Amino acid sequence: MMNRTHKLFLVTASIFLLLVSTAWADGFIIVDYPPDFPPQRRFARELTPPSIKFHKVSVDINEQVTKTSVDQVFINEENQDLEGTYIFPVPEGATVSDFAMFIDGKRQAAELMDKDKARNIYEDIVRRKQDPALLEYIGSNLFKARVYPVPARGEKQIQLEYQQVLPQDSKIVKYVYPLNTEKFSSKPIQTVSVAVSIKSKSGIKNVYSPSHKIDVQKKTDNEVKVSFEESNSKPDKDFTLYYTVSDEDLGISMISHKPAKEDGYFMLLASPKVETEKKVIPKDICFVVDTSGSMSGDKHKQVQSALKFCVNNLESDDTFNIISFSTEPKLYEKNLVVAKKDNVEEALKYIDGMRAIGGTNINEALYKALKMEFRKDVPAFIVFLTDGMPTVDVTDPTEILKNVKKENGVKAKIFCFGVGTDLNTTLLDKLAVENNGVIEYVTENEDIELKISNFYTKIASPVLTDVAVDFGSIKTDNAYPKEIPDFFKGSQLVLIGRYREGGASAVTIKGKVLGAEKKYANDVKFSEKTDDNNFLPRIWAQRRIGYLLEEIRLHGENKELKEEIVELAKKHGIMTPYTSFLVLEDNAQIGDGQPGNIMIERRQRFFEDKVMSKAGAPASSMSSSERDTLDNAQVFMAPSSEKSMKSESGSGAVHMSRVVKKIQSSDRAFDFSKIDPDSMRYVEDKTFVKRGGEWRVSTFDEKRDSKNIVSVKFGSKLYFALISKHKNAGKYCALGRSVLFEIDGKFVRIGDSGEEDEGKLDSFLK
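Right, here's the structure in full:
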């Protein structure tokens, strides 16, 4: 009878991580085949690994003292009991305060091993299984517990609790919980949730997650609730949360990343304290609403309801007016009126009386709005809603834009709403961009009333207007958004850009409150060299691409912009209308009939087939983040996407405008690797693509770099020495047995042949 062998099943039991610097702490189960498992049966089926029913995480952070509680249930779908060992890496400094797993009513014991002993276990499993998946955990301590039985067709619940004190760096606190579990998960997890409670004597500002879409509820300046929840999910990235502690009226904090021999990346976060938000600035606002014949029916009723919501939520010292327009504009009042009770009631009656009939006179409606007597020291807003193209009076979009620019002496911000797809997206986009506003589109299957009311809630309460940022002695460039938005109640500025040399500097944010200038300053540090915060390059590249795409959409295509988009997309693994299959071949060129195009077209069709296949799956079969990624991918699929880039109207133009705006403003990087994880993966700030069975870093160029490669044999002493010495090597090697990556300017190829002697490590990489 053969000795008992271990089978590493791809199963997760994400354990907890409180380490701020680096660490990965996904737990997993190594299931033992029983001694009588019949190896003599030639075609014996492998056992199905347990799946996870739910994964709930509760985090309490009080003055940086943190307690994380994890509750998970595993399901054994086999008809026999399973036996195994539950192990998970524990970061340096974290303390396991409680572990609960009961078998026959008895609490099971667990063992904590230091990182050196843990390394031996990880390396032993990798050698025996010839599977490098565990390599990313090397460097962590190990916590393990025996699991028996996981009953046939039954469940096993595991509960853990960890404690740690989170360090603070320049008033920024960082918390990480490992949800990087996709490669160990046999099935999507039914429910994944993370609930974080933060309390601090100092004010809590700038709550931000680069990894997940979070809901933030600020109870007071000193207490914040953060939550994330997703169903039917296969988490593939750690849950990362930043927050700032500051008692200033405007909290200002800096996160930066400075690779060697490169300009750095920064993210500036700024948000007002709750008490400051109570001092809302009055505003002047004019609603310009399309009531042409095409707006009739349910569409018109929804717009009326949304407009009523906006009027009912005006502040008492706001002034407002309503212009409904079709063939000609009709005004509720000749000028702006104060939002007192009587005027609001009359406005609601006016809204009820609006009828949808006639043509679309956009030019005159905007002219009338800009002729309102806006107050001098109060922010002026125009909310413009239409579902069509100009058909009456001036119909040339260029002329309309010129007229608006000429008449907008008060610099009113124009917020545009496009309803449907039969409209001129170029006109609406330019109206918003050129007048420091925002564009929002509502398509056929979306709720107009909900969209407009949600949008209005965001801009209803201005706190600081005409905002500008000064970085002091630090030279920055290519920062996005280009135009700094006003601060509204509940808003947060996320400004991302590049910088040349690191160092300390005072960052100043200035703006206006009722015409008076206000300044807020804070000393921050731009890192001079660091591998931390390596999520920043991809988010910056995403925003930069969004800006370049908008330039092409609004002003026409040119070679330089297109080439920069392709270069950024290839390096960072970002889909665009010009690289919709994610990454070009190394020898591929842009343009019809050029070398490499046949291969590109084949890969293009293969990729598009994958997208359409996934897109056709039921919504319940994937998480909301996966669905969102697929929606974006469909918009960027060529050749329709390039056509949409040049179109002014139609569904393609509307969807392209929406996705470009989303790319420009997103605070998180889109995870396009979800579409085809067998072809592309993200590891830290690197993008890897599969070429001929080898995972290859996307920055590798065959012609340029082929003579700058060293080969290392998989599983050799040199292989493990390399992983031990270089911080990210284990994470790269975890991709598989055949990997090509870069370390300190040298490309390393892992494969079945190559150097084995660990003594050559230092000279090998020179």
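Using numbering that gives the first Met the number 0, the letters of the sequence shown map in sequence onto residues 0 to 765. Beta carbons: idealized from backbone N, C-alpha and C, even for Gly. Note that this is a predicted model, so its numbers are computed, not measured.
field: Per-residue burial, VAL565 [other beta carbons within 10 Å of its own, 16 or more giving buried]
entry: buried
- request: Pick helix, strand or coil for PRO480, following the three-state DSSP scheme.
  value: Reduced to three states, the DSSP call for PRO480 is coil.
- request: Taking LYS233 as part of the alpha helix (DSSP H), name the residues at either end of that continuous run.
  value: Per DSSP, LYS233 belongs to no alpha helix (DSSP H) and is neither H nor E.
message: If you reduce the DSSP assignment to three classes, tell me which class THR464 lands in.
response: strand
query: How many angstroms separate the CA atom of VAL466 from the CA atom of THR397?
result: 29 Å
task: Using three-state DSSP, classify GLY744 as helix, strand or coil.
output: DSSP, reduced to helix, strand and coil, places GLY744 outside both helices and strands of the structure shown, so it counts as coil.
message: My output table needs one value for THR213: the three-state DSSP class, helix, strand or coil.
response: At residue 213 the sequence reads Ile, which differs from the Thr that was named. ILE213 falls in the coil class under three-state DSSP.
message: Check for me: the beta strand (DSSP E) holding LYS706 runs from which residue to which?
response: Taken as a continuous stretch (DSSP letters only), LYS706 belongs to no beta strand (DSSP E), as it is neither H nor E.
field: Top-ranked residue by Cα proximity to THR65, from SER57, PRO177 and ILE495
entry: SER57
- prompt: Rounded to whole angstroms, how far is the Cβ of ILE508 from the Cβ of ILE251, which I believe are closer than 8 Å?
  reply: That pair is a contact at about 6 Å.
message: Applying the 10 Å Cβ sphere with the 16-neighbour rule, what's the burial state of ILE356?
response: exposed
task: State the start and end residues of the unbroken alpha helix (DSSP H) segment that holds VAL164.
output: Counted as a single uninterrupted DSSP element, the stretch harbouring VAL164 is not any alpha helix (DSSP H) but the beta strand (DSSP E) occupying residues 154-164.
message: Quick check on DSSP: helix, strand or coil for GLN107?
response: Here DSSP, grouped into helix, strand and coil, assigns GLN107 to coil.
task: Label LYS340 either buried or exposed according to how many other C-beta atoms from any shown protein chain fall within 10 Å of its C-beta, with 16 as the threshold for buried.
output: exposed
- request: Using 10 angstroms around the beta-carbon of ARG833, count the other beta-carbons present and answer buried if the total reaches 16, otherwise exposed.
  value: Since the first residue shown for the chain is 0 and the last is 765, residue 833 is missing from the structure and cannot be characterised.
field: Where the beta strand (DSSP E) through VAL696 begins and ends
entry: 693-696
- request: To the nearest angstrom, report how far apart VAL273 and ASN221 are at their CA atoms.
  value: 9 Å
field: First and last residue of the uninterrupted alpha helix (DSSP H) at PRO396
entry: 396-406
task: Measure the alpha-carbon distance for VAL191 versus ILE213 and round it to whole angstroms.
output: Straight-line Cα distance between these residues: approximately 13 Å.
query: What three-state label does DSSP hand ASP751 in the structure shown?
result: coil
- prompt: Given a threshold of 16 other Cβ atoms within 10 Å of its Cβ, counted over all protein chains shown, does HIS54 qualify as buried or as exposed?
  reply: Answer is buried; the Cβ neighbour count reaches 16.
field: LYS217 versus THR475, ILE197, PHE98 and GLY263, residue with shortest Cα-Cα distance
entry: ILE197
- prompt: Exposed or buried, what is VAL205 when buried is set at 16 or more other beta-carbons lying within 10 Å of its beta-carbon?
  reply: The sequence given here has Asn at residue 205, not Val. ASN205 is buried by the Cβ-count criterion.
query: Counting pairs of Cβ atoms below 8 Å between the segment 469-486 and the segment 440-452, do you hit three or more?
result: no
task: Under the assumption that ILE381 contacts ILE413 (Cβ atoms under 8 Å), give the Cβ distance between them as a whole number of angstroms.
output: Your pair ILE381 and ILE413 checks out as a contact, with CB atoms roughly 5 Å apart and the cut at 8 Å.
query: Should the segment 486-501 be called in touch with the segment 556-573, which here means at least 3 C-beta pairs below 8 Å?
result: no
task: Using a threshold of 8 Å, state whether the C-beta atoms of ASN402 and VAL393 are closer than that.
output: Closer than 8 Å, so yes.
- request: Taking only runs that begin and end inside the segment 271-326, name each unbroken alpha helix (DSSP H) of 4 or more residues, in chain order.
  value: Restricted to the segment 271-326, the alpha helix (DSSP H) segments that are unbroken, complete and at least 4 residues in length are 273-276 and 297-311, listed in chain order.
field: For ILE722 and ARG773, believed in contact at Cβ under 8 Å, the rounded distance
entry: This structure cannot settle anything about residue 773, because the visible part of the chain is limited to 0 through 765.
- prompt: Does the beta-carbon of ARG537 have 16 or more other beta-carbons within 10 angstroms, so that it is buried, or is it exposed?
  reply: In this structure ARG537 is buried. Its beta-carbon is surrounded by 16 or more other beta-carbon atoms within 10 angstroms.
field: Burial state of ALA540 (16 or more Cβ within 10 Å)
entry: buried
- prompt: When the Cα of THR239 is compared with those of TYR207, ASP59, VAL72 and CYS415, which residue comes out closest?
  reply: TYR207 is the residue among TYR207, ASP59, VAL72 and CYS415 whose C-alpha sits nearest the C-alpha of THR239.
message: I'd like the list of long-range same chain contacts for GLU527, defined as Cβ closer than 7 Å, with 5 residues on each side in sequence excluded.
response: LYS257, GLY501 and GLY502
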